[in-house]
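Novice: After the structure tokens below, expect a handful of questions from me.
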Amino acid sequence: MVSQVQSFFEHFLKENFIFQNKKFLQANYLPDLVMHRDDFMREMASILAPALKGDRPSNLFIYGKTGTGKTLITRRVTDDMERIAKENNIPLRVIYVNCKLRRVADTEYRLIAQLAREFGRVLPATGLPTDSVYSIFYELLDSKEQLVLLVLDEIDQLAKRAGDNLLYNLTRINTELKHAQLCLIGISNDLVFVDQLDARVKSSLSEEELLFPPYNAVQIHAILQERANKSFKENALQPGVLEKCAAYAAGEHGDARRALELLRVAGEIAERKSCQYVEIKHIDEAQEKIDRDRLYDLTLNQPRQYQALMYALLTLGLKQQSIVTGELYGVYEQTCHRLKLRPLTQRRISDVIGEFEMLGIAQTRVVSKGRYGRSRNIVLAVPRVSLPKMKELLVSSLGLNELEQV
DNA sequence: AGGTATTCACATGAAACTATTCTCTGAGTTAGG
DNA sequence: TAACTCAGAGAATAGTTTCATGTGAATACCTGT
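Position one of the first sequence corresponds to residue 46 (the numbering used here), numbered consecutively onward.
See the structure below:
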């Protein structure tokens with residue numbers, strides 16, 4: 046007898062009308078040619094070109110919102126340069142670091158240690174003074190004649206956490222190097238980031254600047270079309286699907302990455318349902334699924350204390366429209382008591398509420414209620430339909446189930 | 001009525017503390033010559 | 001005497017707590033009409 050699972054798989058293999066090759070829709074795919082960005086590519090290439098002759102190019106600062114192709118273009122250009130350099134025996138080295146990665150390159154010490162690691166030197170995560178990590182890095186960098194292009198992606202995150210001291214050191218590093226030369230390429234999502242920098246850092250970091258504008262709906266549509274042709278089977282998309290996808294993404298400040306993800310997830314939904322086509326309604330479902338998954342993921346990956354607070358927040362949120370800090374703290378304390386957890390101070394909780402806002406779980410507004418003090422009004426920013434499920438997840442994750450619900 | 005002083009209930013900021021992980025250094029110990 | 005062990009001093013970092021100060025407007029309290 047054929048098991049149900051087996052027949053499911055057979056069915057699955059036979060009945061795939063949708064995908065041809067999904068990889069073109071995945072986030073790490075690096076196309077040879079980035080659409081609607083030719084002029085940026087040319088400009089960046091011409092700024093960086095001196096590197097191939099052994100001259101140090103101007104430092105470059107790139108900014109633009111998420112999903113506008115900054116990282117993609119930079120990777121494309123620097124990859125090509127590295128290849129050409131290799132073919133012609135030019136001592137050029139490209140180092141790409143994403144500064145947002147927690148516990149990798151988000152502080153001064155860690156960034157420098159990470160760079161040293163790129164040169165093949167293993168450094169411990171802690172224990173050494175920062176100065177000595179610096180001098181190790183200098184030594185490695187200056188050990189031979191070479192030109193290093195250092196790409197710092199999400200550099201705003203780094204500056205926020207580590208202070209601009211670090212950037213200052215990096216921009217001046219060339220004056221101390223005898224053999225090697227360093228060229229900085231900073232990439233930032235934050236459009237006002239440069240203005241907040243120390244003037245000296247600002248001027249030397251952004252000797253050249255590139256601003257990537259968001260894509261408009263027409264451009265996103267073209268991008269989707271191009272990738273869809275490669276990844277979907279012929280006629281797998283119903284008319285209007287791409288348009289709808291593009292419209293969604295254009296609404297979200299022209300984020301091409303988001304659009305591609307949306308299309309991919311919609312395809313996966315259609316595939317799972319064994320549909321012949323990706324239909325427009327699948328886009329809506331995909332949008333919902335993406336949001337939902339993100340939310341549940343967020344819920345489950347919080348530390349216990351945060352989950353306790355979130356539980357309190359949901360409990361109150363189900364009962365009333367808006368919540369004030371004091372109320373929430375009270376319920377949170379009760380929750381902690383039930384969990385035999387030592388409650389954090391109100392000060393700390395205040396910050397955690399701020400983090401929840403950052404994560405898009407809640408919206409807050411500081412209001413003064415006159416004689417009755419000043420407090421934060423907290424409103425849940427989560428679709429109401431997700432609340433019970435979220436609460437359920439929390440209950441099981443916290444081990445609250447056998448206890449009486451408040 | 002109109003003006004101003006209080007007061008509440010937190011927000012917000014800065015500094016200090018705690019705990020963990022890890023290196024480096026130098027004193028004491030051990031084993032072999 | 002060289003090699004080894006091990007405790008203690010220092011670092012980096014995350015997550016807090018402690019202490020200090022700030023704040024917007026509803027109310028309480030005056031004041032002169």
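All residues carry an ideal CB built from backbone N, CA and C; glycine is no exception.
Is the Cβ-Cβ distance between L185 and V193 less than 8 angstroms?
Specialist: Here residue 185 refers to the residue found at position 140 when the first sequence is read from its first residue. Here residue 193 refers to the residue found at position 148 when the first sequence is read from its first residue. Taking 8 angstroms as the Cβ cut-off, L185 and V193 do not qualify as a contacting pair.
Novice: Which partner residues of L229 appear in the DSSP bridge assignment?
Specialist: By 1-based counting over the first sequence, the position of residue 229 is 184. Partner(s): L195.
Novice: Would you mind working out which of A273, K145, A96 sits nearest T123, comparing C-alpha positions?
Specialist: Here residue 123 is taken as the residue at index 78 of the first sequence, counted from 1. If we check each option's Cα against that of T123, A96 comes out closest.
Novice: Can you grab the Cα-Cα spacing for the pair V452 / G444, in whole Å?
Specialist: Outside the modelled stretch of the chain, which goes from 46 to 451, sits residue 452, for which no answer is possible.
Novice: My understanding is that A294 touches L307, with C-beta atoms under 8 angstroms, so please give their C-beta distance in whole angstroms.
Specialist: Indexing the first sequence from 1 puts residue 294 at position 249. Indexing the first sequence from 1 puts residue 307 at position 262. Right, the Cβ-Cβ distance comes to about 7 angstroms (below 8 angstroms), so this counts as a contact.
Novice: In or out: V50 buried (at least 16 other Cβ within 10 Å) or exposed?
Specialist: Here residue 50 corresponds to residue number 5 of the first sequence, with the count starting at 1. Exposed is the call here.
Novice: Express the C-alpha separation of V440 and V451 in angstroms, rounding to a whole number.
Specialist: The residue given as residue 451 occupies position 406 in the first sequence. The residue given as residue 440 occupies position 395 in the first sequence. Any answer about V451 is weak, because its pLDDT of 47 lies below 50 and its placement is not dependable; what the coordinates show is given next. Straight-line Cα distance between these residues: approximately 12 angstroms.
Novice: Given this structure, state the Cα-to-Cα distance separating L359 from L432, to the nearest angstrom.
Specialist: In the first sequence, residue 359 corresponds to position 314, counting from 1. In the first sequence, residue 432 corresponds to position 387, counting from 1. Approximately 7 angstroms, taken between the alpha carbons.
Novice: Measure the beta-carbon distance from L438 to T380 and round it to whole angstroms, keeping in mind my assumption that it falls under 8 angstroms.
Specialist: As a first step, residue 438 is located in the first sequence; it is residue number 393 there, counting from the start. As a first step, residue 380 is located in the first sequence; it is residue number 335 there, counting from the start. 15 angstroms between Cβ atoms; not a contact.
Novice: Roughly how many angstroms lie between the CA atoms of A331 and R416, to the nearest whole one?
Specialist: Working through the first sequence from its first residue, we reach residue 331 at position 286. Working through the first sequence from its first residue, we reach residue 416 at position 371. Using only the alpha carbons, I get a separation of about 48 angstroms.
Novice: Taking the alpha carbon of D100 as the reference point, which residue from P388, E190, C290 has its own alpha carbon closest?
Specialist: Looking up residue 100 in the first sequence gives position 55. Ranking the options by Cα distance to D100, first place goes to E190.
Novice: Nearest-angstrom Cα distance between G362 and S103?
Specialist: The residue labelled residue 362 in the question sits at position 317 within the first sequence. The residue labelled residue 103 in the question sits at position 58 within the first sequence. C-alpha separation (whole angstroms): 53 angstroms.
Novice: In whole angstroms, what separates the C-alpha of S188 from that of I181?
Specialist: Residue mapping note: residue 188 aligns to position 143 of the first sequence, counting from 1. Residue mapping note: residue 181 aligns to position 136 of the first sequence, counting from 1. In a straight line, the C-alpha of S188 is about 10 angstroms away from that of I181.
Novice: Pull the bridge partners of L105 from the DSSP assignment, please.
Specialist: By one-based count along the first sequence, residue 105 stands at place 60. L105 is bridged to I230, E253.
Novice: In the DSSP assignment, find the beta strand (DSSP E) that holds Q408 and state where it starts and stops.
Specialist: The residue labelled residue 408 in the question sits at position 363 within the first sequence. Counting along the chain, the beta strand (DSSP E) containing Q408 begins and ends at 407-413.
Novice: Quick check on the burial criterion: 16 or more other C-beta atoms within 10 angstroms. Buried or exposed for Q241?
Specialist: Residue 241 sits at position 196 when you count from the first residue of the first sequence. The residue in question, Q241, is exposed, as its Cβ has fewer than 16 Cβ neighbours within 10 Å.
Novice: So, using beta-carbon positions, are L156 and L212 closer together than 8 angstroms?
Specialist: Translated into positions along the first sequence, residue 156 becomes position 111. Translated into positions along the first sequence, residue 212 becomes position 167. For L156 and L212, no; Cβs fall outside 8 angstroms.
Novice: Spatial neighbours of R410 within its chain, please: C-beta separation below 6 angstroms, excluding the five flanking residues on both sides.
Specialist: Stepping through the first sequence from its first residue, residue 410 is reached at position 365. For R410, where only same-chain residues beyond five positions count, the Cβ hits under 6 angstroms are N422.
Novice: Taking Cβ positions, are M86 and I118 nearer each other than 8 angstroms?
Specialist: Counting from one through the first sequence, the residue named residue 86 turns up at place 41. Counting from one through the first sequence, the residue named residue 118 turns up at place 73. Cβ atoms of M86 and I118: closer than 8 angstroms.
Novice: Ordered along the chain, which non-local residues of its own chain (more than five positions away) have a Cβ less than 7 angstroms from that of G312?
Specialist: One-based indexing of the first sequence puts residue 312 at position 267. Excluding residues within five positions, the ones whose Cβ falls inside 7 angstroms are I63, F64, F277, V323.
Novice: Mind checking whether A150 and V139 have CB atoms under 8 angstroms apart?
Specialist: By one-based count along the first sequence, residue 150 stands at place 105. By one-based count along the first sequence, residue 139 stands at place 94. Contact flag unset, no.
Novice: Which of the three DSSP states, helix, strand or coil, is assigned to R148?
Specialist: The count along the first sequence starts at 1 and reaches residue 148 at position 103. DSSP places R148 in coil when its eight states are reduced to three.
Novice: State the beta-bridge partners of Y141 as determined by DSSP.
Specialist: Sequence index remark: in the first sequence, residue 141 carries index 96 (1-based). Y141 pairs with V196.
Novice: Hey, how far is the Cα of R245 from the Cα of T111?
Specialist: Locating residue 245 in the first sequence gives position 200, counting from the first residue. Locating residue 111 in the first sequence gives position 66, counting from the first residue. Each residue's Cα considered, the two are about 27 angstroms apart.
Novice: Alpha carbon to alpha carbon, how far is I200 from N73?
Specialist: The residue given as residue 200 occupies position 155 in the first sequence. The residue given as residue 73 occupies position 28 in the first sequence. For I200 and N73, the distance between alpha carbons rounds to 20 angstroms.
Novice: Run through the region 301-345 for me and flag every whole alpha helix (DSSP H) of 4 or more residues, listed as ranges in chain order.
Specialist: The qualifying runs are 301-317, 325-345.
Novice: Need the endpoints of the beta strand (DSSP E) that S420 sits in, please.
Specialist: Counting from 1 along the first sequence, the entry for residue 420 is found at position 375. It spans 419-425 - the beta strand (DSSP E) in which S420 sits, taken as one unbroken run.
Novice: Just list the residues that DSSP pairs I265 with in beta bridges.
Specialist: To locate residue 265, count along the first sequence from 1; it is residue 220. Beta-bridge pairing links I265 to no other residue.
Novice: Rounding to the nearest angstrom, what Cα-Cα distance links N274 and C290 in this structure?
Specialist: Position 229 of the first sequence holds residue 274. Position 245 of the first sequence holds residue 290. In a straight line, the C-alpha of N274 is about 15 angstroms away from that of C290.
Novice: What does the Cβ neighbour count give for N234, buried or exposed, with the cut at 16 atoms within 10 Å?
Specialist: Position 189 of the first sequence, counting from 1, holds the residue named residue 234. The residue is buried, with at least 16 neighbouring Cβ atoms inside 10 Å.
Novice: For my contact list, Q350 and L389 are in at a C-beta cut-off of 8 angstroms; report their separation, rounded to the angstrom.
Specialist: Locating residue 350 in the first sequence gives position 305, where the first residue counts as 1. Locating residue 389 in the first sequence gives position 344, where the first residue counts as 1. With a Cβ gap of about 6 angstroms, Q350 and L389 count as contacting.
Novice: Based on the DSSP output, what are the partners of I368 in its beta bridges?
Specialist: Position 323 of the first sequence, counted from the first residue, corresponds to residue 368. According to DSSP, I368 bridges with I423.
Novice: Rounding to the nearest angstrom, what Cα-Cα distance links N66 and N280 in this structure?
Specialist: If you number the first sequence from 1, residue 66 lands on position 21. If you number the first sequence from 1, residue 280 lands on position 235. Cα to Cα, N66 sits roughly 14 angstroms from N280.
Novice: Helix, strand or coil for V451, going by three-state DSSP, please let me know.
Specialist: Numbered from 1 along the first sequence, position 406 holds the residue referred to as residue 451. For V451, the predicted structure reports a pLDDT of 47, less than 50, and the residue's modelled location is therefore unreliable. A value from the coordinates is still provided. Correct three-state label for V451: coil.
Novice: Identify which residue in V412, V369, E221 has its Cα closest to the Cα of I394.
Specialist: For the purposes of this step, residue 394 is identified with residue 349 of the first sequence, where counting begins at 1. If we check each option's Cα against that of I394, V369 comes out closest.
Novice: Can you list, in chain order, the residues of its chain whose CB lies under 8 angstroms from that of E271, leaving out five sequence neighbours each side?
Specialist: Position 226 of the first sequence, counted from the first residue, corresponds to residue 271. Answer for E271: M80, listed in chain order.
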